Structures are given as C-alpha cells and as structure tokens.
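Just so you know, the sequence shown maps onto residues -13 to 418 in our numbering. Ideal placement from N, C-alpha and C gives every residue a C-beta, glycine not left out. Just so you know, these numbers come straight off a predicted model, no measurement behind them. What follows is a short report on a single structure.
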Amino acid sequence: MIIAISVILLMALLFVGMPIAVAMGLTGMALLYHMVGDGALLVAAKVMFDTLNDTILLAIPLFILMGAIMMKGGVGERLFELFDAFLGHVPGGVGIATVLTCAVLAAMCGSSVGIAAAVGGVAINNLAKRGYSLELSLGLPSSAGGLGILMPASVGMILYSSITDTSVAKLLMAGLIPAIIIVVLFSVYTVWAFSRSENRPLVPKKTWVERWQAFKVAIWALTIPIFLLAGIYTGIATVTEIAGVACLWSVIVCVFIYHSITWKDILPILRYGLSTATMVMFLVATAMFLGNALTQMGIPDLVKDFFVGQDIPVWAFLGITMLFLIILGTALEGASMLLMTMPVLTPILHAYNYDLIAYAVLFCINVELSLLSPPVGLTVQTVEGIAKHHGLPVTSATAWRGCLPFFFLYLAVMVLVAVFPSLALWIPSQMR
-13 MIIAISVILL
-3 MALLFVGMPI
7 AVAMGLTGMA
17 LLYHMVGDGA
27 LLVAAKVMFD
37 TLNDTILLAI
47 PLFILMGAIM
57 MKGGVGERLF
67 ELFDAFLGHV
77 PGGVGIATVL
87 TCAVLAAMCG
97 SSVGIAAAVG
107 GVAINNLAKR
117 GYSLELSLGL
127 PSSAGGLGIL
137 MPASVGMILY
147 SSITDTSVAK
157 LLMAGLIPAI
167 IIVVLFSVYT
177 VWAFSRSENR
187 PLVPKKTWVE
197 RWQAFKVAIW
207 ALTIPIFLLA
217 GIYTGIATVT
227 EIAGVACLWS
237 VIVCVFIYHS
247 ITWKDILPIL
257 RYGLSTATMV
267 MFLVATAMFL
277 GNALTQMGIP
287 DLVKDFFVGQ
297 DIPVWAFLGI
307 TMLFLIILGT
317 ALEGASMLLM
327 TMPVLTPILH
337 AYNYDLIAYA
347 VLFCINVELS
357 LLSPPVGLTV
367 QTVEGIAKHH
377 GLPVTSATAW
387 RGCLPFFFLY
397 LAVMVLVAVF
407 PSLALWIPSQ
417 MR
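So this is what it looks like as structure tokens:
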C-alpha cells in the first residue's frame, strides 16, 4: 500500500510542475518518515552527504565547465570548418561534417543539448543552402548531438558509475565503438537522403592551402578529445584528474590560442558551470536519497524476485526494461531517468549476471532516444529554436519528422549492442 501511495505522490508532484529533484526528495522523505519517524531528517542528511562525498562525482562539474568553455570559445565552428574543408564538395559531405563535428564535441562535452546547440547554430544554414531538406537539416544536429551521453566526458556514465559502483574509466570507453557505428550509420543515411534531393548545388572543392589553414586552427581543439581518450584508456590518472587537466587546457586553448574568450567571459562561464553542476548534484543527492528509502523498504529485491522467480529470460528482461525506458524518456530527461531507475535495476542485473558496463551503453542509447522523443525531445526543441532564430520556415512537425529516421538508427544500434555486447565490452576488456 505504501508503495502505491509513494508512486502516486511522486507522479502528482511531477504533474503539478514540481522540479523533479524536489519531488524525489519529498517522496523519499515521506518514505523515511514512515519507516523511522522523527529520525528521517538525520538519515536524509547522512545519505545526501555520503552520496556527494565521492571523488568520482567531482568530474561532473569539471566536464560541465569544460563543455561551457568549448561552447563559448567557438570550438564547434572551428571543427565544422575543418570537416567541411575536406568533405564539403562531396555529395552529402556537409551532413557528414555535421555528424563528425558532433562526435568530436561529444568527446569533450557531456551535454547533448549543448552539442546540438553549438553545431546547429553553424550547420543548419549551411545544410539548407546546400540543398538539404529542412527535415534533414534539423534532424542531423538534433540526433547527432545525442552522442554526448555516449562518449567520454559523459555525465550520464559518471552518474551510472556512482550508482552501480562500476569502473568509471571503463564506462566512459565502453560507448566508443557503438558511437562509431552510429556515426557511420548516420553518415551513410545522410548521403542516401541527400542523393534523393532534387536541389543539389555544386560546391567548389577547397584547395589544400585552405584545408591546411582549417587544420592549423582546429588542431588545438582536437588535442582535447585525444588527451581525454588516451588518458582514460591508459589509466595514467583518475578520470577526475584527467577532467581537471582537460578543463585547464580548454581555458588555455580558448583564451591564449584562439582568443575567442576574454577574461571578462570567465566569470559568467564559471557562474553557468557552477549553477548547472549544482542542479545536477542536487538531483543526484535527492535521487540517491529516494533510492536509499526504496532499498530499505526492499523494493529492489521485490522487483528482482519477480523477474527471477517468474523465470523470465534475460533477453525478455532487456526488452521489457528498454521499452519501459523509451516510454519513460518521453516524460523525463536522461539524468532523472537514470537516477530513478538504476537503484532498482542494479540488483536485477546482478541476479541475471548481466554485465553492468554493457547495460550502461544500452541505457545511454535509450537516453539518446528520449532526446528525440516528443513531447520533451530536448535536442529537437533546441535545434528547432535555432532554426527559427535564423528565419527558416520550420514547424515542430518538420523537426520531429527529420529526427524519425535517426531514432530508428539509434534503435538498431541498441538492438545490435544487446545481441553483441562485446561491441561495448571489447575496449574496456583491454584496459588495465
């Protein structure tokens, strides 16, 4: 009975517009008060302190700050110009350049919405002018921006590590091969979709001098994801230490090399990074607080006993949870979805002896699907707003239609990883 009341309370608070962190905190407090009475506040304070007193979580504000510096410093524009210089004359090349720019930015910025905004701002007009349909022009940055949750610097993977007590370095590297597959599929589809367009203006080929100029400018930005990937893979330092050094290097690149950020910009960037990180940390604290209350009530064990006791095979469990997460993603953003469900799902995964790293990749692809799912669809709404700002005649229907093919491509990769988990596990297995 108390479980049903808790679910109703949480849903009611969300329905009336309560911030999800506050809703989870109040629900958790109600559960704890039911169990321990007046000691609920003391238990809540201890759980929240122990949750945030974790060096792994320190990487989150550092990655958020680094992403803010990259976005403000115009790194997305420089990367796009580099890929466009080499691919712009190829049929579908500008679309491929958009996908590659999103992929490289994803390796240094854990915010999918930030990536979609940065790349959408520079790519949408170029795509529209070069014969791409409005649907494809909106769908590409909206969908490829979702790679931010799958690549290193992923805030989602760090949260997953904190909840499941899994190696954060291996989690950050696990999404690399699936991300490459997604980039290839997106690029192939882009070329095919562009080939069906009637308006395909010829784009002059850039000279090698122009390409060299673009490369000289972009190489400094490319050093950041290379350093991150190499540092995490080799294990020369902890992820938090690598995030700190990468954050400092991003300041050096944008302030002293590109001169795209002045010292006056640093304080607003720090304010943005601090406010965003504070919101994420508050969400983490209240979610773990609620998860602790559910665990004390034995909810995860009840769910685990149901699945295992009914002899439900692991493939059916994966299918049920993936479908549930897709539906949940239409109402919640990724971090909330992860923090609400993984405390319950983790014991079940242990019971099935299913690899937590492989499941992390499946979960993150589900989050990418949620970014393209109405009515929330954060990356879609972001890119649609940018397109309207540029004066393009777009509607919400146009934006959603443009993302639909990429939604199914994400879905195909999710099935592929579920069938062949070694796609997610091979790189982590090679790490120390």
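For a test of the three-state rule: what should DSSP assign to L318, helix, strand or coil?
coil
Which of helix, strand or coil DSSP assigns to S148:
helix
What residue range does the alpha helix (DSSP H) around L214 cover?
194 to 220
For W301 versus I243, is the C-beta spacing smaller than 8 Å?
no
Would the stretch 57 to 71 count as touching the stretch 261 to 273 if we require 3 or more Cβ pairs under 8 Å?
no
Where M159 and D70 are concerned, what is the direct C-alpha to C-alpha distance, given to the nearest angstrom?
27 Å
In three-state terms, what does DSSP make of E184?
coil
Do L91 and V380 have their beta-carbon atoms positioned less than 8 Å apart in this structure?
no
Short of 7 Å in beta carbon distance, which residues of its chain neighbour A223, apart from the five on each side in sequence? Order them along the chain.
G217
Taking all protein chains shown into account, decide if I212 is buried (16 or more other Cβ within 10 angstroms of its Cβ) or exposed.
exposed
Straight-line CA distance for F394 to S359?
11 Å
How about the stretch 295 to 313 and the stretch 105 to 119: do they share at least three Cβ pairs that are nearer than 8 Å?
no
Among A232, A321, L124, V347, the one whose alpha carbon lies nearest that of M308:
V347
For I413, does the three-state DSSP call read helix, strand or coil?
helix
Quick check on the DSSP output: the alpha helix (DSSP H) that includes C233 runs from which residue to which?
225 to 238
Local Cβ density within 10 Å of W249, reported as buried at 16 or more and exposed below that:
exposed
I need the DSSP call for V8, collapsed to helix, strand or coil.
helix
Of the choices A102, M56, Y219, L(-5), whose alpha-carbon is the least far from that of Q416?
Y219
Host alpha helix (DSSP H) of L390 (start-end):
382 to 405
Given this structure, state the Cα-to-Cα distance separating S140 from V76, to the nearest angstrom.
31 Å
Contact set for A403: own chain, Cβ-Cβ below 8 Å, skip 5 residues either direction:
Note on identity: in this sequence residue 403 is Val, with Ala being the wrong assignment. Excluding sequence neighbours, V403 sits near P164, A344, V347, L348, I351, L409, A410.
When the distance is taken between beta carbons, is A200 closer than 8 Å to L122?
no
Excluding the five sequence neighbours on either side, which residues of its own chain have a C-beta within less than 7 Å of the C-beta of A103, listed in chain order?
T368, I372
Distance check for Y19 and I166, CA to CA, integer angstroms please.
48 Å
Quick one: what does DSSP say T13 is sitting in, helix, strand or coil?
helix
What does the alpha-carbon distance come out to for the pair K58 and D24?
48 Å
Rounded straight-line distance, which links the Cα of T365 to that of L253
26 Å
Tell me which residue opens and which closes the alpha helix (DSSP H) that M94 is part of.
M94 -> no alpha helix (DSSP H), and no H or E assigned at all.
Taking G132 as the reference, give the member of C88, M94, T150 with the closest Cα.
C88
Cβ neighbours of L(-5) in the same chain (closer than 8 Å, five flanking residues each side left out)
L12, T13, A16
Does the stretch 25 to 35 come close enough to the stretch 45 to 56 that 3 or more CB-CB pairs lie under 8 Å?
no
Euclidean distance between Cα positions of L86 and H336:
36 Å
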